[in-house]
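Take a look at the structure below.
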Amino acid sequence: MSRLSPQDPNSYSRPDQVVVSGIHITWTVDFTQKVLRGAALLTVDRKQNNVSHLILDTRELDIKSVKVEETGQVLTYILGEHHPNFGSSFTITLPSDTKEQCKIQIEYETSPGCSALQWLSPEQTAGKKQPYVFSQCEAIHARSLLPCQDTPSVKMPYTAEVKASSDLVVLMSALRDGQNEEGAITTFRFRQPIPIPSYLIALAVGALESRKVGPRSLVWSEKEVVEKAEFEFAETEQMLKAAEELCGPYVWGQYDLLILPPSFPYGGMENPCLTFVTPTLLAGDRSLADVVAHEISHSWTGNLVTNCQWEHFWLNEGFTKFVERKIVSKLHGETTRHFSALSGWKDLAGCIRTRGEDDPLTCLVPDLTGVDPDDAFSTVPYEKGHALLWHLETLVGGPSEFEPFLRAYLDKFKYQSITSETFRSFLLEYYNECGATLASVDWKAWWHTPGMPPIKPKFDDTLTVACSDLCRRWVEWQLDTECPFTAKDLASLSSNQVREWLAQLLEEDPLPVSKLQKMEELYSMSGHQNSEIRFRWLRLAIQAHWTEQVDDALKFVTEQGRMKFVRPIYRDLYQWEEMRARAITTYESNKDSMMHVAAYVVAKDLKLKE
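Per full-length UniProt numbering, numbering of the sequence shown is gapless, rising by one per residue and ending at 610.
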């Protein structure tokens, strides 16, 4: 039986022995068979002289041949036993005369069930005429896309050539490097000169168009939504400049955005040069564009300085949430940063209530031995990590003292993958020289204790006062008295304040259906296009057991696949015993149109698998 690596509990690879230092990918996109067919040319460097094998990660790849590129020598290999979460080890016997470096060509094709890819028929796209495929490799799905050392501790540059129908456009997480059309087939070329981990390799193929939204940014999507996207993300360059002021130069060249079909399971994915985002951000008023600030921040925190394995995921997401809110502060004021942080704290509390305060996966640095990182994914690394950084900033004297450290940290560890301990050591060294004290920080409580953080930072609640007041008035209103509310109640609130008001109501005991009916009458809540508002409104309705709203809730979880929205609503419906069967039936009929990771976790939420 294959053993997982002692360096990374979620990978078979042993980069400490032989490491992949570069990849050239050649693919032909086959929509009929739903496979990518081609080869991966791996540049491998021997790290230990007495090692005779290269160990890679795979998942359900059909390996055709393995050979040395230079000589054509065929190499023997062994595919290990398949594990449902971690795939199979792929052990290649290196040629006996291998020097420090060689290139190994692996011909293969993906499986139709490749967990990194979602294949859409024309009917599932906005245009209804052309098929579409897109990838999501984070956390450990790159191994189903290509044979690789699928651990974030390994970074390498890559190049690619991808053949697809000339009716389609191919994009990757790399700089576009030209294309050649030969009749019905076009070859698209890409290069990513900056070393990246395997989870940041990304592909999208569809009937795509672009609009320019800045000097280094295009927004891509199907033509049916490209103008909406152009409007929604017009502030991209301002966000990039704000991020550069904080973090240093943007090194990736291009920063494009791709608005994916609705089944994309995340708000965004920080693929270098080409951020993937959900169409649920298209609110029409730019109120949800903070997700783009988050993905821009990843250009430094995550993509440039990376967690060395998934137990240290907070180094990616906690830092990114922290920088995102710094960008928001620069663009919209410091009270907006505090308002966002308060909302995040509320989300964290809700997440921990759902998981349980003793759930070991609510530790900031959890033990993932034998655990699929998809099972550990939650708000915790984002918001608990953010709270720690906010606390540290307060201890050292505020933003003017902490922001120089942030920039020094990013400069020190750029192009590297690190552990939490590496961060702590640098932090203590930096502030020891500056004379600041961090002796009061209880690292064990922050990193290794489940539940809420040991300390709640002091957040300015200026922008939440109106939300809290409206929430309190609705909770306290006695139904046998005259209604004190009017249709103008929400007029002075921003979209994000309406979202906060609903979030506060969700923390209260369920409201009577008659109160929600009055809200609908006055505020037309069901008509909101903002997905965050619609999501919280539907949750309020379900928790009140408002039967007439169940159809809308089930429509919402099938018309888009963003896990942030889909999972809580399915869980709420599961808790409502009379609606449990409808929720399960809806999931069963829709799961084949969901991306692998979303279908996998919702099945667990509905108790359909362990």
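For each residue, glycine too, the CB sits at the ideal point set by N, CA and C.
These numbers were taken from a predicted model, which means no experiment stands behind them.
Counting along the chain, Gln192 sits inside the beta strand (DSSP E) bounded by residues Ile185 to Ile196. Taking all protein chains in view, the Cβ of Ile185 is surrounded by fewer than 16 other Cβ atoms within 10 Å, so the residue is classified as exposed.
When only Cα atoms are considered, Arg562 and His312 end up about 24 Å apart.
Nearest to Thr110 by alpha-carbon distance, out of Thr26, Ala207, Phe264 and Val19, is Thr26.
Here Leu428 is actually not in contact with Leu246; their C-beta atoms are around 22 Å apart, not less than 8 Å.
Gly333 and Tyr382 do not touch by the CB rule: their CB atoms are close to 22 Å apart, not below 8 Å. Shown here for Ser297: same chain residues with a beta carbon closer than 7 Å to its own, the five before and five after excluded, namely Ala243, Thr320, Val323, Glu324 and Ile327 in chain order.
With distances taken between CA atoms, Gln549 lies nearest to Leu538 out of Leu538, Thr558 and Glu559. For Asn271, there is no enclosing beta strand (DSSP E), since its DSSP letter is neither H nor E.
Rounded to whole angstroms, the gap between the alpha carbons of Val396 and Gly87 is 45 Å. A residue is called buried once 16 or more other Cβ atoms fall within 10 Å of its Cβ, and Pro15 is buried on that count.
Pairing Asn10 with Thr159 gives a Cβ-Cβ distance that is not under 9 Å. Between Val29 and Ser121, the gap from beta carbon to beta carbon reaches 9 Å or more. The beta carbon of Leu175 lies closer than 8 Å to those of Phe190, Arg191, Gln192, Pro193, Gly253, Gln254 and Cys273 in the same chain, with the five residues before and after it left out. Just so you know, the alpha carbons of Val305 and Pro195 end up roughly 11 Å apart. Per DSSP, Thr159 is one residue of the beta strand (DSSP E) stretching across Met156 to Ser165.
Straight across, the Cα-Cα distance linking Tyr409 with Glu403 is about 10 Å. For Lys128, same chain residues with a beta-carbon under 6 Å away, outside a window of 5 residues either side, are Pro122 in chain order.
Apart from the 5 residues on each side of it in sequence, Trp576 sits with its Cβ closer than 7 Å to the Cβ of Ile542 and His545 in its chain, given in chain order. Around the Cβ of Gln149, a 10 Å sphere holds 16 or more other Cβ atoms; the residue is buried. Residue burial is scored here from C-beta neighbours: Cys483 has fewer than 16 other C-beta atoms within 10 angstroms and is therefore classed as exposed.
If you look at Tyr77, you'll find it in the beta strand (DSSP E) that goes Tyr77 to Leu79. Unbroken alpha helix (DSSP H) stretches of 4 residues or longer found wholly inside the segment 53-133: none.
Per the C-alpha coordinates, the member of Trp477, Leu117 and Asn432 positioned closest to Pro261 is Leu117. Annotation: Leu258 is outside any alpha helix (DSSP H); the continuous beta strand (DSSP E) that includes it extends over Asp256 to Ile259. Sorting Val475, Gln478 and Leu470 by C-alpha distance to the C-alpha of Ala487 places Leu470 at the top. Excluding the 5 residues flanking it on each side, Phe565 has same chain C-beta neighbours closer than 6 Å at Phe535, in chain order. Close CB contacts of Cys137 within its chain, under the 8 Å cut and outside five residues either way in sequence, are with Ala116, Leu145, Ser198, Tyr199, Leu200, Ile201 and Ala202 (chain order). Here Ala40 carries a strand assignment [DSSP, helix/strand/coil]. Annotation: the continuous beta strand (DSSP E) that includes Ala204 extends over Leu203 to Gly206.
A contact is defined here as three or more CB-CB pairs under 8 Å, and the segment 360-375 fails this definition with respect to the segment 490-498. Nearest in C-alpha terms to Thr93, of all of Trp310, Tyr108, Leu392 and Tyr77, is Tyr77.
In this structure, the beta-carbon distance from Ala139 to Asp57 does not fall below 9 Å.
Contact holds between the segment 356-366 and the segment 432-449, because three or more Cβ pairs, one in each stretch, are under 8 Å apart. Under the three-pair Cβ rule at 8 Å, the segment 263-270 counts as touching the segment 589-601. Secondary structure of Met594 (DSSP, three-state): coil.
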